[in-house]
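Read in our numbering, the sequence shown has 19 at position 19, and its numbers run on one by one without any break. For each residue, glycine too, the CB sits at the ideal point set by N, CA and C. Quick notes on the structure that follows.
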Amino acid sequence: MGLRSATALLGIVVCALGAAGPALADPPAARPAFSLVTFVEYTPGAHGVTYDAASVPVGSRAAVLAAPDHGGTTVALLVRGLLPGRAYGAHVHQKPCGATGDAAGPHFQHVPDPVQPSVDPQYANPRNEIWLDLTTDMNGNARSSAGVDWQFGDRPAGSVVLHAEHTHTGPGQAGTAGPRLACVTVDF
Numbered sequence: 001m002g003l004r005s006a007t008a009l010l011g012i013v014v015c016a017l018g019a020a021g022p023a024l025a026d027p028p029a030a031r032p033a034f035s036l037v038t039f040v041e042y043t044p045g046a047h048g049v050t051y052d053a054a055s056v057p058v059g060s061r062a063a064v065l066a067a068p069d070h071g072g073t074t075v076a077l078l079v080r081g082l083l084p085g086r087a088y089g090a091h092v093h094q095k096p097c098g099a100t101g102d103a104a105g106p107h108f109q110h111v112p113d114p115v116q117p118s119v120d121p122q123y124a125n126p127r128n129e130i131w132l133d134l135t136t137d138m139n140g141n142a143r144s145s146a147g148v149d150w151q152f153g154d155r156p157a158g159s160v161v162l163h164a165e166h167t168h169t170g171p172g173q174a175g176t177a178g179p180r181l182a183c184v185t186v187d188f
């Protein structure tokens, strides 16, 4: 499934966002992974968590689709009901959502940086990580997708985290995007 196909498939789930509740059961990693959530304050087992309800309101929604693609992976993110006209950073992280944004761990990196937290552009870049930065429209809706030439394999990721600003790329700050505002657990 190519980037266009993944984006088109994600478009199909837009209608489902109107009825979003708890995350749907995610398929095994060999098939596309999908998570559809309504953001709530943290409760154990929540798949869509807001850590900053002023920036990611309770009741706003998100869908994440990850699809293997000829040795690569395409990930698409769709959000509804966030703040209008606002930039958000978004990245795939190593662990599922938890009580705080830090529970999701660092960004998932295909080739892990031996120095953590990773701010070296050699490792913290959109070819080695999955970056899904977006800017919402007048209604607080947006979509983003990214493709990489690798798959998760035996080191699956666990979530997509929304950050306070678009991702920085310079040395010493590469991959940073401000505080963690919300999290979507995805069984990559």
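(Q) For a quick check, are the C-beta atoms of Gly101 and Gln151 less than 8 Å apart? (A) No, they are not a contact pair.
Q.
Can you tell me whether Asp69 is helix, strand or coil according to DSSP?
A. strand
(Q) For Leu82 and Val56, which I take to be in contact (beta-carbon distance under 8 Å), what is that distance rounded to the nearest angstrom? (A) That pair is a contact at about 6 Å.
Q. Thinking C-alpha only, which one of Pro156, Glu41, Trp131, Asp149 is nearest Val58?
A. That would be Glu41, whose Cα lies nearest to the Cα of Val58.
Q. Just checking my contact of Leu36 with Ala90 at CB under 8 Å: how many whole Å lie between their CB atoms?
A. Not a contact, Cβ separation roughly 16 Å.
Q) With C-beta atoms as the reference, is His93 less than 8 Å away from Pro114? A) Contact: no.
Q.
Check whether the segment 138-152 and the segment 160-168 touch, using three or more Cβ-Cβ pairs below 8 Å as the test.
A. no
Q: Pull up the distance between the alpha-carbon of Ala33 and that of Thr136, whole angstroms please.
A: 24 Å
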